[in-house]
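See structure below.
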Amino acid sequence: MHNAGQNVETAQPAYQENHCIVRENTFQAAYSEALQRARQALLIRDIAACCAAGGALLKKRPGSSETIDLCFLNKPVHITLPQAAFSAGGDNRDVSIWEQILILHYLANSERAVLKHALINYRRLRDGAVYAPAFERRCIEPLLSAFGSEPEALIPAATALGGVPADYGDCAVRIPALPRLDIICCLWKGDAEFGPEAAILFDAGAEDFLCAEDMAVLCQQIVLQLIKNRAF
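All letters in the sequence shown, in the order written, are residues 24 to 255 by my numbering.
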């Protein structure tokens, strides 16, 4: 019995490891499928019109190929058509699969997107209320935890993302996530009565470019980058 117990104990980590591998493979398969759908969604659009509306540059190449150039979070990105193959300029880093999906969704939706020139928070997006609790957990709370005690640290942390100071709250930055889509991160200092607060705002037309799920992914990645860039 003692030996059997030992076997169970030693087998458990292997099971957990295999379970994690299966789960990771499932996520990768889902991302790959989403990427393929996003490619197809763009390729059936009027790409020239999408690029013009989305602030991207479409270039003709010798033969039948074209390239799309745009900036994503202050990083130059190149897309070669018709394969919709991605590469990043400057530091020569790969473009992650979630970045590719967001950029393709943005471009495919740009032709019909209209900026409203009025700011809203996440909850006011279509389906935003459904994902709002997760958005608070993954975006607002980490932003507040990292910068709530020192809001001014947000400004230098946003520089690498192309962020500039914005006139909201006690401290805010406007980050050009995509050519026509800015994300504004705001902080309010606490006082004797109230604790510090944080908010993430964007144009009411953002939901025409990206759905609520995409906006959550985008904002979470921005917050993670801000925290990474924060000088403690």
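Where a beta carbon is used, it is the ideal one built from N, C-alpha and C, also for glycine. Please read these numbers as outputs of a predicted model, since none were measured by experiment.
Here L233 has L125, H128, Y129, N132, L204, L241 as same chain residues with Cβ atoms under 8 Å from its own Cβ, once five neighbours each way along the sequence are excluded. Using a Cβ distance threshold of 8 Å, P188 and C94 do not count as a contacting pair.
Remark: C-beta atoms of I143 and I223 do not approach each other more closely than 8 Å. If you compare the alpha carbons of S87, K139, R62 with that of F109, the shortest gap goes to R62. Under the DSSP assignment, N97 falls outside any beta strand (DSSP E); it carries neither an H nor an E label. Segment contact: the stretch 241-255 against the stretch 148-167, three or more CB-CB distances shorter than 8 Å; contact assigned.
At a Cβ-Cβ threshold of 8 Å, A239 and A157 count as neighbours. Taken atom to atom, the span from the alpha-carbon of K139 to that of E230 is near 11 Å.
Beta-bridge partners assigned by DSSP to R197: V187, I207. When the five nearest sequence neighbours on each side are left out, the beta carbons in the same chain lying within less than 6 Å of the beta carbon of A79 are those of I91, L93, in order along the chain.
Residue environment: V196 is assigned as buried (16 or more neighbouring CB atoms within 10 Å of its CB, all protein chains considered). Distance from the CA of A152 to the CA of R146, rounded to the nearest whole angstrom, comes to 5 Å. When rounded, the separation of the alpha-carbon atoms in A136 and G228 is 7 Å. If you look at S110, you'll find it in the beta strand (DSSP E) that goes 108-111.
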